[in-house]
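>
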Amino acid sequence: MADCAFPRGSGLGRTTRTATGPGRLADRLRRRSRRRVPAGLRAAAMSGGPAASLRLPEVVARLYSAGALAELVDLRRTLHADPELSLQEERTSARLQRTLDELGVDGVTRVAGTGVVGRIPGRDRKAPPVAVRGDIDALPIQEDTGLPFASRNQGVMHACGHDVHASWTVAAARLLRDEPAAGDVLIVLQPAEETGEGATAILSTGVLDDVAAIFGAHVDLTFEVGQAMVQPGAVGAAADRFEVELRGKGAHGARPHQGLDPIVGAAQVVSALQTVVSRRMPPDQPAVVTVGAIEAGTAHNVIPDRAVLKGTMRSLDPAIRKSLADEVRHVAESVAAACRLEARVRMLQGTPAVLNDRRAASWASEAAATVIGAESVRPLPVANMGGEDFAFYLQRIPGCFIRVGARRPGDPVVGAHTPYFAPAEEAIFVGGALLAAAARRASAELAGVSGS
2 MADCAFPRGS
12 GLGRTTRTAT
22 GPGRLADRLR
32 RRSRRRVPAG
42 LRAAAMSGGP
52 AASLRLPEVV
62 ARLYSAGALA
72 ELVDLRRTLH
82 ADPELSLQEE
92 RTSARLQRTL
102 DELGVDGVTR
112 VAGTGVVGRI
122 PGRDRKAPPV
132 AVRGDIDALP
142 IQEDTGLPFA
152 SRNQGVMHAC
162 GHDVHASWTV
172 AAARLLRDEP
182 AAGDVLIVLQ
192 PAEETGEGAT
202 AILSTGVLDD
212 VAAIFGAHVD
222 LTFEVGQAMV
232 QPGAVGAAAD
242 RFEVELRGKG
252 AHGARPHQGL
262 DPIVGAAQVV
272 SALQTVVSRR
282 MPPDQPAVVT
292 VGAIEAGTAH
302 NVIPDRAVLK
312 GTMRSLDPAI
322 RKSLADEVRH
332 VAESVAAACR
342 LEARVRMLQG
352 TPAVLNDRRA
362 ASWASEAAAT
372 VIGAESVRPL
382 PVANMGGEDF
392 AFYLQRIPGC
402 FIRVGARRPG
412 DPVVGAHTPY
422 FAPAEEAIFV
432 GGALLAAAAR
442 RASAELAGVS
452 GS
């Protein structure tokens, strides 16, 4: 077994792997992480502590004091070490509520169960308010990052970066407190994004009823620290589920002719579903159909009487969303009938596509250029088919959802929802600066409109 240590702050900690497998990759990544820091990044001015090895874009580094850097890193690590599942974020909410109170944010209160909302007064109380949102829940995954502040909670991990999102929302609050926007800014720390329940719960409280624009962001290890992906239109997919129950007739494995085999039918349904996207959807429209689970049988020599398929459908266009559901149902029912099986199909609608408002995206892009430079702000190179309940806010409020680079140069691209997901901590400060700048820009524009 090879024990591979990564430098503090690299986004990767101590991990154990076999010498013939991932360990060799880890050794190579360790060497990469010691390369010279690229021009345009500089070390945070600190004598020590957990933030000592931060490498930040120069404009971003100037926004935060040494004390703020240390406090925000400590907040992130505290949240990361004590993750809580959706709608169970009691300790997380208490810590965030206390942190906002200590910053002097107005009216900090719990909403929607484990959500937290506060308000930062603007210079012109007549200007319409805007909002900045970060999510706070974790996932049922056993962490394997080897970080010194890894999850202490068995089977629960911040594997989607919500610890970073919560921390950069606090960072944005700090920056907006020190340099207020034209109008008020609501700070929204939202529970239960992973289950798709949190945004609708926040909206149902009415706390955002008077908000004129809303901004949020997500870490993305596809991109390096100091980069941001901003664009109008679709930046995330509608995420729907389907379940197909196939009912047949059980039999002895030695006498299959006496039964109606739902496992064979399930295999044919899975195979036929592969043609839904390739043959039924327009080639210029992103779409995904994935079967993620098959449940059938309990013994090697028994043909069961039922099998269940579970899967996800992803799309960016509302018409494609409907077509996917119709085609999946048609395929499942038709193949089942050909196998003399009964099919029961359930469609479970999830979050809609994340559709950025054109004007809000323009404000966010222009604001980001002042923080990280115009050359570091770009549209997504390919469609993002992940789901995100920020989409529910965007159905009600004009806004923009930003992808924030969270990988240090030389580090691996690691996907979210895996045991190894470890965003670079520099993203806390870049994300906070981007959200604060977007809120200020939107607030200034809206104040001008409201006053005309």
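In terms of our numbering, the sequence shown opens at residue 2 and continues consecutively. Glycine included, each C-beta is placed from N, C-alpha and C at the ideal position.
1. Can you tell me which residues form a DSSP beta bridge with C161?
2. What residue from F224, P58, I304 and A273 has the CA that sits closest to R454's CA?
3. In whole angstroms, what is the alpha-carbon distance linking L447 and A160?
4. Any chance you could list the beta strand (DSSP E) runs of at least 3 consecutive residues sitting entirely within the stretch 84–160, in chain order?
5. Ignore the nearest five residues each way along the sequence and tell me which others in E91's own chain have a CB closer than 8 Å to its CB.
6. Expressed to the nearest angstrom, what Euclidean distance is found between the alpha-carbon atoms of F224 and S94?
7. Using the C-alpha atoms, what's the distance from V271 back to S366?
8. Please state the DSSP three-state secondary structure of R341.
9. On the CB-based measure, 16 or more other CB atoms within 10 Å of its CB, does T100 come out buried or exposed?
10. Would you grab the beta carbon distance between I121 and L177 for me? Rounded to a whole angstrom, and I think it's under 8 Å.
11. Using 7 Å as the threshold, is the C-beta distance between D210 and G249 below it?
12. Classify G260 as helix, strand or coil using the three-state DSSP reduction.
13. Which parts of the stretch 390–439 are runs of the beta strand (DSSP E), unbroken and 3 residues or longer, counting only runs that do not cross its ends?
14. What whole-angstrom Cβ distance do A132 and G199 have, given they're in contact under 8 Å?
15. Enumerate in chain order the residues of its own chain whose CB-to-CB distance from P420 is below 8 Å, with the five nearest sequence positions on each side excluded.
16. Give the straight-line distance between the Cα atoms of D185 and D125, rounded to the nearest whole angstrom.
17. Is the CB-CB distance between A425 and A407 below 7 Å?
18. Excluding the 5 residues flanking I321 on each side, which residues of the same chain have their C-beta closer than 7 Å to its C-beta?
19. Using 7 Å as the threshold, is the C-beta distance between V405 and A229 below it?
20. Is A238 closer than 7 Å to S316 when the C-beta atoms are compared?
21. My guess is that G274 and R341 are in contact by the Cβ rule of under 8 Å, so how many angstroms apart are they, rounded?
22. With distances taken between CB atoms, is the gap from D164 to H81 smaller than 7 Å?
23. Which partner residues of S279 appear in the DSSP bridge assignment?
24. Any idea if E194 is buried or exposed, counting beta-carbon neighbours within 10 angstroms, 16 or more meaning buried?
25. Here's the rule: buried if 16 or more other CB atoms are within 10 angstroms of the residue's CB, otherwise exposed. What is T291?
26. Shortest alpha-carbon distance to A213 belongs to which of G251, T206, C401 and V117?
27. Count the CB pairs spanning the stretch 372–379 and the stretch 240–247 that are closer than 8 Å, and state whether there are at least three.
28. Could you give the residue range of the alpha helix (DSSP H) that holds E194?
29. For A267, which three-state DSSP category applies?
30. Given this structure, state the Cα-to-Cα distance separating R345 from L140, to the nearest angstrom.
31. Just to confirm before moving on: does the CB-CB distance between A326 and M348 stay below 7 Å?
32. What did DSSP end up calling S444 once you bin it into helix, strand or coil?
33. Give me, in chain order, the residues of the same chain whose beta-carbon lies closer than 6 Å to that of G449; leave out the 5 immediate sequence neighbours on both sides.
34. From this set, E328, I203 and W169, which residue's C-alpha is nearest V220's C-alpha?
35. Among I403, P413 and R56, which one has its Cα closest to the Cα of L436?
36. Expressed to the nearest angstrom, what Euclidean distance is found between the alpha-carbon atoms of R152 and F391?
Reading from the atomic positions:
1. The partner list for C161 (beta bridge, DSSP) is empty, contrary to what the question assumes.
2. One cannot answer for residue 454 here, as it falls past the ends of the chain, which runs 2 to 453.
3. 36 Å
4. DSSP runs (the beta strand (DSSP E)) wholly in the stretch 84–160: 107–112, 116–121 and 131–136.
5. E85 and T115
6. 29 Å
7. 42 Å
8. coil
9. buried
10. 5 Å
11. no
12. Three-state result, G260: coil.
13. Entirely contained in the stretch 390–439, the beta strand (DSSP E) runs reaching 3 residues are, in chain order, 400–408.
14. Not quite, the Cβ-Cβ distance comes to about 14 Å (not below 8 Å), so this is no contact.
15. The residues are I142, Q143, E144, D145, T146, M158 and A160.
16. 8 Å
17. yes
18. M282, Q286 and A288
19. In this structure, A229 lies closer than 7 Å to V405 by Cβ.
20. yes
21. The amino acid at residue 274 is misidentified as Gly; the sequence shows Leu. Not really, about 19 Å apart at Cβ, beyond 8 Å.
22. Contact: yes.
23. DSSP output for S279 lists no bridge partner at all.
24. Looking at its Cβ environment, which holds 16 or more other Cβ atoms inside 10 Å, E194 is buried.
25. T291 should be labelled exposed.
26. C401
27. no
28. Careful: E194 lies outside any alpha helix (DSSP H) and carries neither H nor E.
29. helix
30. Their Cα atoms are separated by approximately 30 Å.
31. The Cβ atoms of A326 and M348 sit closer than 7 Å to each other.
32. helix
33. Cβ within range, chain order: n/a, list empty.
34. W169
35. The residue among I403, P413 and R56 with its C-alpha nearest the C-alpha of L436 is I403.
36. Strictly speaking, residue 152 in this sequence is Ser, with Arg absent from that position. Using only the alpha carbons, I get a separation of about 26 Å.
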